[in-house]
Amino acid sequence: MPFDNVLALGALVSVIPLILLYLLRPKPLQVQVPSLMFLLDIKEEKKRFYTSISKIVKDPLFLIQLLVLILLALAAASPYYETEEALSGDHTVIVIDASASMQTDNRFDDAISKAEDYVSKKNTIILAESSPVTIIEGEGADATYDMLDTLEAKSTVADLSSAISAATRLLSEEGGDIVVISDFTNWNGDDPVNALKLAESYSLNVEFVIVGNDADNVGFIQGGIETDDDSYTYTGVIKNYYNSRQTVDIEIENLKSGNTKSTSLAIPAHSTKQFQLTNLGSGITEVTITNDDSLMADNTAYISIPGISDRQLLFVSDVDNLPSMIALSLIPSIELDQSEGVPNALTDYSMIVIANKERTLGSNEISALNSYLNSGGKVVFIASEAISSGNAATELKELMPVMPESVIDADDGVTIEVLQDTRLSEDIKFDEVAMYHYLNATERLDTTTLVATEDGIPILSYWSFGEGTSVYFGINDITGESAWNNFHNLPEYPVFWSKLAGWLGGTGDVQDYNLKTGTISILAKEQEIETPGSTETTTRVYYDETGVYQVAGKKIAVNLYNDKESDTTLSGDDVIERAESDNGAGIVRASSYTGKQYLDTYMVILVLLLVLLELLIIKKRGEL
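In terms of the working numbering, the sequence shown opens at residue 210 and continues consecutively.
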């Protein structure tokens, strides 16, 4: 019988003390006897010894206790026997393409059906979206079948290579199989065949399974919004993937006003045509292709235009024409009010920037900010002497996500680095910012810091205050000889302020209201959001469906806008051919596998029964 823990068999030596215990007798008295009597007594002692051995062997308590010790030692050694099971015992990672093109006809349903053929004893499911999404990990066959029935395709472009790499990392030590099920028509990132080669270098079995057939489609492949004063113009591009000319019927509806209108476009085979809407009103506008085709994810263009109340911003400063104020004023969708102080009435503003350089805020101003934050407002504090520990009032410092201290002078300059990648840091070269003066500060317990100096001093931090959000921006924006840094001279400076205004909710550029699928945004705090298909509470929003999301009071329109993903005529056969040439025959799924059936549980149960039997014998003897 094989054992998983052979060393545990050493516990069998415990039977030796048991035997000695039963053989133990009191020491005999020493007396003087004739030699002949001594020889006769030796013979008698031998006879008594063998009689004792015979007696203890026949004692049921001894036999029970002996069996208990032996069974416990064997159970600790994990004995097992091998059996042939119907399913594979390997860990199988099933990577399923959940991109928009998989919504074509029955492609995703076919993928689920094929995935069921590869379910083994231990399974992991990874959905290949713009980022890999692990659905279950290391689950059994029943749980895997149940989960497969609940999956749906999304509206992103799949990064198949990243999903395969995630599966490779998971199996790199224990080994196993990777099954990739996709139409292989389009992807982001590296070529999936390269990811297959990497997985093979870890001695993993990889198989590509293709689904889907050619289909016809008409859909929006591009869309953009241009701003002229307070007027918005939408320009979309519709492509016809049919082999014949198509008349495309379009219905336009503004969900806020309820106004609708219709039009038609004649588009030649495999050609595109622009579609334009002018003077768009605020709210959500849906532009829908009413023709039936094989892919519905690209048949509606969602457009979101912020209302006036979403775009009012208050900039408080004792210095005119600061770079931050100029950057915010250049955002077409923002209505910027400048003030030297904080007014009592702040309800009209979606965001307030405090940029005083020398003047400290009065108690009435601090009280107004406190009420504004508690009621859900957003405030950005820009580092300066005015909010340093020696100047700012205690009540003001309590509103900020950091505890400000004194100003630090760094003649040689210090660099700053991004601690968490978010939309705020995307395309912003923080590593090129040279800091010569900055405010020493310490983040609070519940603060999130996105950017800091190389020494860990927070530069961009936020926290929740009441129902609102307070942000600390440690890059002072004073110019001239007194400048603290060079950030305001970089071309990314106005881009950052546009991103910050949009991230805080409701005051950014109109582009912040109109996103492409696959975008990820980080919220200032955990909150409830509405997706096109559900409601969830999160701090991280993954826009993987087309439609309208409601996030932090904003209605965000999300569209696919991807030519190759909408091209349902593409074929992934070339990927399969390259994969098979590199991968040989792929995974050979065995009809059965050798499994281990462990006996330790049964041995422990038998021990318990033997202990009960021992107690019954002792009680019957009257010894209990």
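For each residue, glycine too, the CB sits at the ideal point set by N, CA and C.
DSSP places I765 within a strand segment (E or B) once states are collapsed to three. Residue pairing by DSSP puts W672 in a beta bridge opposite S679. Distance from the CA of E737 to the CA of R454, rounded to the nearest whole angstrom, comes to 45 Å. Runs of alpha helix (DSSP H) with 4 or more residues, each lying fully within the stretch 698–733, are found at 702–712, listed in chain order.
With 16 or more other Cβ atoms inside 10 Å of its own Cβ, H646 counts as buried.
Judged by DSSP secondary structure, D620 falls within the beta strand (DSSP E) whose first and last residues are V611 to V623. If you draw a straight line from the Cα of S743 to the Cα of G756, it comes to about 12 Å.
The three-state secondary structure of T509, taken from DSSP, is strand.
Between V623 and E663, the beta carbon gap of about 6 Å places them in contact (Cβ cut-off 8 Å). Taking 3 residues as the shortest admissible run, the stretch 472–499 contains the following complete beta strand (DSSP E) segments, listed from N- to C-terminal end: 480–486 and 492–498.
Here DSSP, grouped into helix, strand and coil, assigns R653 to coil. When DSSP reads this structure, S548 sits in a beta bridge with V525.
Between the stretch 598–607 and the stretch 686–704 there are fewer than three C-beta pairs closer than 8 Å, too few to call the two in contact.
Within 10 angstroms of the beta-carbon of R316 lie 16 or more other beta-carbons, which makes it buried. Non-local C-beta neighbours of E574 in its own chain, meaning closer than 7 Å and more than five positions away in sequence, comprise G550 and V551, ordered along the chain. Under DSSP, I447 takes part in a beta bridge, and its partners are F429 and K482. Linking G516 to L489 through their CA atoms gives a straight-line distance of about 11 Å.
For the 9 Å CB-CB criterion, F271 and L221 do not form a contact. Inclusion of T497 and I430 in the CB contact set at 9 Å is not warranted, their separation being larger than that value. C-alpha of S339 to C-alpha of K763: approximately 23 Å in a straight line. Around T487, the same chain offers T442 as residues with beta carbons nearer than 7 Å, after the five sequence neighbours per side are excluded. Under the three-state reduction of DSSP, I535 is assigned to helix.
For the options T472, E383, S707 and D351, the alpha carbon positioned closest to that of V719 is the one of S707. The DSSP-derived three-state label of L407 is helix.
In this model, G571 and I561 are separated by some 16 Å (Cα to Cα). With a 10 Å radius around the Cβ and a threshold of 16 neighbouring Cβ atoms, N768 comes out buried.
For a cut-off of 8 Å, the C-beta gap from T651 to A601 is around 14 Å, too long to register as a contact. Taking all protein chains in view, the Cβ of E416 is crowded by 16 or more other Cβ atoms within 10 Å, so the residue is classified as buried.
DSSP places V420 outside both helix and strand once states are collapsed to three, so it counts as coil. K330 and A643 have their C-alpha atoms roughly 56 Å apart. DSSP places Y558 in no alpha helix (DSSP H); its state is neither H nor E. Membership of N332 in the beta strand (DSSP E) is indicated by the continuous run K331 to A337. Within 10 angstroms of the beta-carbon of G677 lie 16 or more other beta-carbons, which makes it buried. Collapsing the DSSP output to three states places R316 in a helix.
When C-beta atoms of the stretch 454–466 are compared with those of the stretch 776–793, fewer than three pairs fall below 8 Å, so the two segments do not count as touching. Counting along the chain, S391 sits inside the beta strand (DSSP E) bounded by residues D386 to S391.
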